[in-house]
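Student:
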Amino acid sequence: MGAMTQTREVHTWLTDMDGVLVHEDVPIPGAQEFIEALKASGLRFMVLTNNSIFTPRDLRARLLGSGIDVPEEAIWTSALATAQFLADQRPHGTAYVVGEAGLTTALHDIGYVMTDREPDYVVLGETRTYSFEAITRAIRLIEGGARFIATNPDPSGPSVQGTVPATGSVAALISTATGRTPYFIGKPNSLMMRSALNRLDAHSETTVMVGDRMDTDIISGLEAGLRTVLVTTGSTRPDQVDTFPYRPTRVVESIADLVELVGTDPSD
1 MGAMTQTREV HTWLTDMDGV LVHEDVPIPG AQEFIEALKA SGLRFMVLTN NSIFTPRDLR
61 ARLLGSGIDV PEEAIWTSAL ATAQFLADQR PHGTAYVVGE AGLTTALHDI GYVMTDREPD
121 YVVLGETRTY SFEAITRAIR LIEGGARFIA TNPDPSGPSV QGTVPATGSV AALISTATGR
181 TPYFIGKPNS LMMRSALNRL DAHSETTVMV GDRMDTDIIS GLEAGLRTVL VTTGSTRPDQ
241 VDTFPYRPTR VVESIADLVE LVGTDPSD
């Protein structure tokens, strides 16, 4: 499906993590082989995630525990994309952060100062323990003129115990209190894709995005000008694909179906 009138050789692969490579800490069959095929091919690749809690080093350790060996430098998070955006917009600025190590480390690494005194930005990310005090402080700082940034719009996320509120839900709370909506950096904002491409010095015309969600992975890849592959091991079921007004370049059952396509054109 989705044959293209003009295709270029694939030089770069981007892939989502949860729902594509792993379910929580359980590897999806074929994920290890897919990553090894990418490394053996010499093609550039990057694993993307909207999760801002963990640093790339943390995520590498998590994936390695699942038998999937992804180099630290090949992991791109919404926290890193947010830091890159702020570095470009307002170098060496200040921020009040509601989030965890993945976000604070990324901001420290670009020279940002964390403060609750007249910060340039309030930056909201995911955390396991949202503090009413911290959220209240964020609301008052935004009312005082701080610009509102959020790492991603995901309203909820999975856990072993079940659904947990994520950044989008807390952002909605703050928006309701302040009347200010944040600028979301992560998927489905295609900025996430473009920042990953810039990191790899890659081009959209020769890049494929693999994801499990039509409304985040596929739409952001499409809007960034990438070829897209939907795997049905995650959020979007096969019967839901036709309900969307846009389509991926290709739909496959799982990442295992892409192992032998590494180095070829997935639209063929």
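Heads up, the sequence shown stops at 268 in the UniProt record's numbering, and the numbers go up one at a time, no gaps. We put the CB at the ideal spot given by N, CA and C, even for glycine. For clarity, every value in this text was computed on a predicted model and none was experimentally measured.
In its own chain, which residues sit with a C-beta less than 6 Å from the C-beta of R96, not counting the 5 before and 5 after it?
Tutor: For clarity, residue 96 is Tyr in the given sequence; the question names Arg instead. For Y96, where only same-chain residues beyond five positions count, the Cβ hits under 6 Å are D116, P119, V122, L141.
Student: Look at the Cβ atom of T77, then the Cβ atom of G93, and state whether they are nearer than 9 Å.
Tutor: No, they are not a contact pair.
Student: Under 8 Å: do the stretch 217-235 and the stretch 12-22 share three or more Cβ pairs, one atom per stretch?
Tutor: The stretch 217-235 is in contact with the stretch 12-22.
Student: Whose CA, out of L64, R90, E72, lies closest to the CA of A146?
Tutor: Selected option, being the one with the closest Cα: R90.
Student: Checking the sheet assignment: what are the DSSP bridge partners for G211?
Tutor: In the DSSP output, where bridge partners are listed per residue, G211 has L230.
Student: Per DSSP, which one or two residues make a beta bridge with residue 270?
Tutor: Only positions 1 to 268 of the chain appear in the structure, and residue 270 is not among them; the question remains open.
Student: Could you please give the first and the last residue of the uninterrupted alpha helix (DSSP H) stretch that includes T104?
Tutor: Counting along the chain, the alpha helix (DSSP H) containing T104 begins and ends at 101-109.
Student: In this structure, does DSSP put T12 in helix, strand or coil?
Tutor: T12 falls in the strand class under three-state DSSP.
Student: Which of the three DSSP states, helix, strand or coil, is assigned to D18?
Tutor: Reduced to three states, the DSSP call for D18 is strand.
Student: G67 to I28, Cα distance in whole Å?
Tutor: Using only the alpha carbons, I get a separation of about 10 Å.
Student: Examine the Cβ distances between the stretch 163-183 and the stretch 206-219 and report whether three or more of them are shorter than 8 Å.
Tutor: Touching, no.
Student: Can you list, in chain order, the stretches of the beta strand (DSSP E) that have 3 or more residues and sit fully within the stretch 44-70?
Tutor: Fully enclosed beta strand (DSSP E) runs of 3 or longer: 44-49.
Student: Check each candidate in A150, A171, Q161 and name the one with the smallest Cα separation from N189.
Tutor: Ranking A150, A171, Q161 by Cα distance to N189 puts A150 first.
Student: Tell me which residues share the same chain as T49 and place their Cβ nearer than 8 Å to its Cβ, disregarding the 5 neighbours each side in the sequence.
Tutor: These residues qualify, in order along the chain: D16, M17, D18, L59, I75, W76, T77, S78.
Student: Please state the DSSP three-state secondary structure of F184.
Tutor: In this structure, F184 counts as strand in the three-state DSSP scheme.
Student: Would a C-beta distance cut-off of 9 Å place T12 and A202 closer than the cut-off?
Tutor: In this structure, A202 lies closer than 9 Å to T12 by Cβ.
Student: Between R8 and the rest of its own chain, which residues show a CB-CB distance below 6 Å, the 5 nearest in sequence each way excluded?
Tutor: E205, T206, listed in sequence order.
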